[in-house]
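Undergrad: Here the protein sequences come in this chain order: A and B. When we follow the numbering used here, the leftmost residue of the first sequence carries the number 3, and every step to the right adds one. When we follow the numbering used here, the leftmost residue of the second sequence carries the number 3, and every step to the right adds one.
There are 2 protein chains.
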Amino acid sequence: MQGLTKKQQAILDYMKGFVAQHSYWPSIRDIQGKFHFASTNAVFGHLQALERKGVLQRIPGAARAYKIAPEATVDTPETVIRYEGPNEEAENLESLPLMGSIAAGFPDYTESTGAVASMQAAIPAGSRRRPPQSFALRVRGDSMIDADIHDGDTVVIEPGVAKHGDIVAALIDGETTLKRLIKQGNKTYLKAENQNYPELYPVTELVIQGIAKSVLKQI
Amino acid sequence: MQGLTKKQQAILDYMKGFVAQHSYWPSIRDIQGKFHFASTNAVFGHLQALERKGVLQRIPGAARAYKIAPEATVDTPETVIRYEGPNEEAENLESLPLMGSIAAGFPDYTESTGAVASMQAAIPAGSRRRPPQSFALRVRGDSMIDADIHDGDTVVIEPGVAKHGDIVAALIDGETTLKRLIKQGNKTYLKAENQNYPELYPVTELVIQGIAKSVLKQI
DNA sequence: TTGCATAGTGAACGGATGTTCAATGAAAGT
DNA sequence: ACTTTCATTGAACATCCGTTCACTATGCAA
Numbered sequence: 003m004q005g006l007t008k009k010q011q012a013i014l015d016y017m018k019g020f021v022a023q024h025s026y027w028p029s030i031r032d033i034q035g036k037f038h039f040a041s042t043n044a045v046f047g048h049l050q051a052l053e054r055k056g057v058l059q060r061i062p063g064a065a066r067a068y069k070i071a072p073e074a075t076v077d078t079p080e081t082v083i084r085y086e087g088p089n090e091e092a093e094n095l096e097s098l099p100l101m102g103s104i105a106a107g108f109p110d111y112t113e114s115t116g117a118v119a120s121m122q123a124a125i126p127a128g129s130r131r132r133p134p135q136s137f138a139l140r141v142r143g144d145s146m147i148d149a150d151i152h153d154g155d156t157v158v159i160e161p162g163v164a165k166h167g168d169i170v171a172a173l174i175d176g177e178t179t180l181k182r183l184i185k186q187g188n189k190t191y192l193k194a195e196n197q198n199y200p201e202l203y204p205v206t207e208l209v210i211q212g213i214a215k216s217v218l219k220q221i
Numbered sequence: 003m004q005g006l007t008k009k010q011q012a013i014l015d016y017m018k019g020f021v022a023q024h025s026y027w028p029s030i031r032d033i034q035g036k037f038h039f040a041s042t043n044a045v046f047g048h049l050q051a052l053e054r055k056g057v058l059q060r061i062p063g064a065a066r067a068y069k070i071a072p073e074a075t076v077d078t079p080e081t082v083i084r085y086e087g088p089n090e091e092a093e094n095l096e097s098l099p100l101m102g103s104i105a106a107g108f109p110d111y112t113e114s115t116g117a118v119a120s121m122q123a124a125i126p127a128g129s130r131r132r133p134p135q136s137f138a139l140r141v142r143g144d145s146m147i148d149a150d151i152h153d154g155d156t157v158v159i160e161p162g163v164a165k166h167g168d169i170v171a172a173l174i175d176g177e178t179t180l181k182r183l184i185k186q187g188n189k190t191y192l193k194a195e196n197q198n199y200p201e202l203y204p205v206t207e208l209v210i211q212g213i214a215k216s217v218l219k220q221i
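1) Where do the ends of the alpha helix (DSSP H) carrying residue 53 of chain B lie?
2) Using C-beta distances below 7 Å, list every residue in its chain close to residue 219 of chain A, excluding the 5 sequence neighbours before and after it, in chain order.
3) Between B:52, B:198, B:46 and B:217, which lies nearest to residue 63 of chain B when the distance is taken from Cα to Cα?
4) Drop a sphere of 10 angstroms on the beta-carbon of residue 31 of chain A, count the other beta-carbons inside from all chains shown, and report buried for 16 or more, exposed for fewer.
5) Where do the ends of the alpha helix (DSSP H) carrying residue 31 of chain B lie?
6) Under DSSP, the beta strand (DSSP E) around residue 6 of chain B begins and ends at which residues?
7) Does DSSP put residue 212 of chain A in a helix, in a strand, or in coil?
8) For residue 70 of chain A, report the span of its beta strand (DSSP E) as first-last.
9) Any idea what DSSP makes of residue 16 of chain A, helix, strand or coil?
10) For a contact defined as C-beta to C-beta under 8 Å, what are the partners of residue 145 of chain A on chain B?
11) Classify residue 33 of chain A: buried if its beta carbon has 16 or more other beta carbons within 10 angstroms, exposed otherwise.
12) Going by the beta-carbon positions, is the gap between residue 164 of chain A and residue 195 of chain A smaller than 8 Å?
13) Where DSSP assigns a beta bridge to residue 172 of chain A, which residues make up the other side?
14) Let me check understanding here. Comparing Cα to Cα, which of A:197, A:144, A:53 and A:9 lies closest to residue 38 of chain A?
15) Verify whether the separation of the beta carbon atoms of residue 221 of chain B and residue 169 of chain A is less than 8 Å.
16) Identify which residue in B:153, B:41, B:35 and B:25 has its Cα closest to the Cα of residue 69 of chain B.
17) So what does DSSP say about residue 61 of chain B, is it helix, strand or coil?
18) Can you tell me the Cα-Cα spacing of residue 190 of chain A and residue 43 of chain B, whole angstroms?
19) Within 7 Å: the Cβ of residue 28 of chain B and any heavy atom of the ligand MG?
20) Taking 8 Å as the cut-off, decide whether the C-beta atoms of residue 180 of chain B and residue 141 of chain B are in contact.
21) Run through DSSP, which three-state label would residue 147 of chain A get?
22) Let me make sure I understand the geometry here. Which of A:197, A:211 and A:53 has the alpha-carbon closest to that of residue 183 of chain A?
23) Please report the Cβ distance between residue 66 of chain B and residue 27 of chain B, rounded to the nearest whole angstrom; I am assuming they are in contact, meaning their Cβ atoms lie under 8 Å.
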């Protein structure tokens, strides 16, 4: 049960990004096209590997249907946050599965890759009533403590167009990080809310998975 | 651009709920089965209607692939907190209405409860392993700011036996207040976490509605 | 009445998509 | 050297699933 291969990680990242962008999963042939495989079976094998390693769950026979396995590592209860309108039926309710953890620090690979492997991006569709497509992420790291977001907190992420000053979940080097979005002219930065961290983190290509709307803190 | 039909709304809600639970969209036949249609075309027509009305976007030819149009109307977010185990079915869920708002200050205002009546907290029906019965309360007042609980926050309350040091929702003079429970010998106090408030609030008869387990903060 | 949108049945088509079989080669561990 | 795992090709299969066609029925507005 070791870490993921480079390509497995890349495929997983692509799937996460795809889902975050489209709100539905890619087909095997979508992935095949992206990675220029000559056979769908190449993708199929990787997906099997991802499932065998426990980071992805396939739904046999169903098209564009996957689940990201919740983090197997030690953590507190699988908290789920849900938005709901008044007087709604139970079946109409929406839950935000806890997709995994999010790094609040910049990716530094001093530690092994295993811990970071099982992140998840967005999924879900959303509620017409309130959040369009929301999901919850557990925060790891301390780079946002000045924004009162600490290690172990759970943030609710909503997809949407991020503005200057928003706290966003962004995909950097295959890992989702939580940072404040800074726009200066035509340049974009990600800023950690921690005096001990470098002020601005310039980015050219940026995949924003959503905007942090609220924080759930364990007392 | 009139509103949705009852059935259109129901189908849309079902799709949203399905995605929230499974992290992938339902197929047309999934919907068909749910609503006991004899033909897939019944669903197909409704999906077309939903798309024509602009609330749903189909991706032609792609299976289980949809997008939900962001909602135009703006209203106050009806935030609800919910605990759930992984891989839980929606049918097992039950929702309990929110009790109202909770005063984080000692009872001093005389306010009606009407404004906050419509929130709901939901918990899984079957799973005893997680919170037995949880509910959410919106915090009013500032008496717990030293515990990082501010006005407007939402706290998740779990029934249970409160220990010394727990933050509890207690009923005082007919109003629920949020305080830290202090036990000294055989005496019990409620303590506000605010330097400007009196340290201890002695109580003889105490109705504890639950223990605050987590806080949801709007960013 | 005449439309027109909504709502539905029943059957069928065809493409999209997951899945399997056979086979090759490289890298890594025994 | 031998086995295992990983990575990939190529072709084909089975079916899931979106889509279309033909037809019926209701309620509503012009």
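For each residue, glycine too, the CB sits at the ideal point set by N, CA and C.
TA: In short:
1) Run containing residue 53 of chain B: 42-54, per the alpha helix (DSSP H) assignment.
2) 155.
3) For residue 63 of chain B, the closest alpha carbon among the candidates B:52, B:198, B:46 and B:217 is that of B:46.
4) Taking a 10 Å sphere around the C-beta of residue 31 of chain A, we find fewer than 16 other C-beta atoms and assign the residue as exposed.
5) Where residue 31 of chain B is concerned, the enclosing alpha helix (DSSP H) stretches over 30-37.
6) In the DSSP assignment, residue 6 of chain B falls outside any beta strand (DSSP E), carrying neither H nor E.
7) Residue 212 of chain A: strand per DSSP, three-state reduction.
8) Residue 70 of chain A -> beta strand (DSSP E) spans 68-70.
9) Here residue 16 of chain A sits in helix by DSSP.
10) What residue 145 of chain A touches in chain B: nothing, since even the nearest Cβ is about 15 Å away.
11) The residue is buried, with at least 16 neighbouring Cβ atoms inside 10 Å.
12) No Cβ-Cβ contact shorter than 8 Å links residue 164 of chain A with residue 195 of chain A.
13) Paired residues: A:179 and A:210.
14) Closest by alpha carbon: A:9.
15) Against a cut-off of 8 Å, the Cβ pair of residue 169 of chain A and residue 221 of chain B comes out as a contact.
16) Scanning B:153, B:41, B:35 and B:25 for the CA closest to the CA of residue 69 of chain B turns up B:25.
17) Note: residue 61 of chain B maps to coil in three-state DSSP.
18) One C-alpha to the other measures close to 47 Å.
19) No copy of the ligand MG appears in this structure; indeed no ligand is present at all.
20) Taking 8 Å as the Cβ cut-off, residue 180 of chain B and residue 141 of chain B qualify as a contacting pair.
21) In the three-state reduction of the DSSP assignment, residue 147 of chain A falls in the helix class.
22) Checking every option, the nearest Cα to that of residue 183 of chain A belongs to A:211.
23) Contact between residue 66 of chain B and residue 27 of chain B holds, since their C-beta atoms are separated by about 4 Å, short of 8 Å.
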